[in-house]
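Take the position in the sequence shown, starting the count at 1, then add 198; the result is the number in the numbering used here.
Think of the CB as a built atom: it goes at the ideal place given N, C-alpha and C, for glycine as much as any other residue.
Encoded as C-alpha cells, the structure appears first; notes follow it.
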Amino acid sequence: MSYAMLKGAFTRFAAAVSRAPLPAAPVQAPPWKLDTGAWSPELLKRLEWRRLEELAVAYFEALGGFTVRITPGLEGADIGLHARGSKHAATLARTKAWSAYGVGLKPVAALRAKMTAEGIGRGMMLSAGRFTQEAKTYAAAQDIELLDGAAFLAKVAALPPETSLALLRFATEGDFMTPTCPSCAVKMISRQSTQGGRKFWGCPNYPRCKQISYATANAPA
C-alpha cells in the first residue's frame, strides 16, 4: 500500500472522529531528538494516543481483506473490521497509548462489554506499551487478541517493505507527539500547576475545557 493510500485512510479516520472546528494550538517543539527513519519501540512509545489510533486504522487498511469503519467513543475510537459487503463487524479493535504502567484489566473488560453489546465475537487491543498478566489471562478467555508494542512492531516488520515504510511516514508526519485533547480534538499545550510547579498537558480551550494529561511518554516542555 502506498503512502497516498494511507493518507486516504487518515482522511476517513479524521472525518469519522471530527468535532466542531476549533483553533489549533501552536505546535511546541519537543526537547528531545527521536530517530524517525526506522521503526523502534521508542518511536512507537512516543506516538500520542490519537496518532496511535490513526496508525492502527492505517495498518488495518494496509492489511486489506475487510472494510475498516470507525466510531468515536468515550474509551477512544471503536475500530470495526467488517468483511467485504457486511454491515456487521467481525472484529472490534481499540488502542491504548504507551504508559509507564501496563494496560490492565479495566480497558480490556470495557472492550469485552462493547463487543457483547454490539454482538461482536472477536476483539483486539493494540498498545504501544505492555499488558499486565491479569489483562492477558482475561483476554485469552474472552477471544480478545492483545498486541503489545513488540508484537505490533513484529507485524509491521512482516509487511512488504514499501508498506512498512509508508506506515512509518504516515505515523511520523507533522506533530505526532503532542497529546490531542479528547474533548476538543486539538493539540494540548504545556501548562504548570500553581502549587508545586508541576508541568502537565492542558487543553488550550481552558477554562471551557478542563482536560489535562500527565501520563504520557512526552513530558511538557
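The alpha helix (DSSP H) spanning residue i covers which residue range?
{"i": "residue 247", "result": "247-261"}
{"i": "residue 368", "result": "359-369"}
{"i": "residue 243", "result": "239-244"}
Using a Cβ-Cβ cut-off of 7 angstroms (strictly less than) and excluding sequence neighbours within five positions of residue i, which residues of its own chain qualify?
{"i": "residue 410", "result": "398, 399, 400"}
{"i": "residue 341", "result": "319, 320, 321"}
Please say whether residue j and residue i have beta carbons closer to each other than 9 angstroms?
{"i": "residue 279", "j": "residue 369", "result": "no"}
{"i": "residue 343", "j": "residue 313", "result": "no"}
{"i": "residue 237", "j": "residue 362", "result": "yes"}
{"i": "residue 269", "j": "residue 276", "result": "yes"}
Going by beta carbon distance, what residues of the same chain come within less than 6 angstroms of residue i, once the five residues before and after it are set aside?
{"i": "residue 295", "result": "247, 250, 326"}
{"i": "residue 381", "result": "407, 409"}
{"i": "residue 219", "result": "In this prediction, residue 219 has a pLDDT of 41, which is less than 50 and means its spatial position is unreliable; what the coordinates show is noted afterwards. Excluding positions up to five away in sequence, the list is empty."}
{"i": "residue 377", "result": "246, 386, 399, 411, 414"}
{"i": "residue 396", "result": "none"}
{"i": "residue 337", "result": "306, 344"}
{"i": "residue 224", "result": "Bear in mind that the predicted position of residue 224 carries a pLDDT of just 46, short of 50, making it unreliable; the figure below should be weighed with that in mind. Closer than 6 angstroms at the Cβ level, and outside the excluded window around residue 224, lies no residue."}
{"i": "residue 355", "result": "none"}
So the beta strand (DSSP E) residue i belongs to, where does it begin and stop?
{"i": "residue 265", "result": "264-269"}
{"i": "residue 343", "result": "342-345"}
{"i": "residue 397", "result": "397-400"}
{"i": "residue 393", "result": "Here residue 393 belongs to no beta strand (DSSP E), and DSSP marks it neither H nor E."}
Using a threshold of 8 angstroms, is the CB atom of residue i nearer than that to any non-hydrogen atom of the ligand ADP?
{"i": "residue 263", "result": "You won't find the ligand ADP in this model; it holds no ligand whatsoever."}
*Looking at C-beta atoms only, is the number of pairs between the region 291-301 and the region 244-264 that lie closer than 8 angstroms three or more?*
yes
*Any chance the region 345-358 sits against the region 310-329, with 3 or more Cβ pairs inside 8 angstroms?*
Yes, the region 345-358 touches the region 310-329.
*Would you mind listing the alpha helix (DSSP H) stretches within the region 271-332 that are 4+ residues and don't spill past its ends, in chain order?*
303-316
*Cβ contact (3+ pairs, closer than 8 angstroms) linking the region 304-316 and the region 329-341*: Verdict: yes, contact present.
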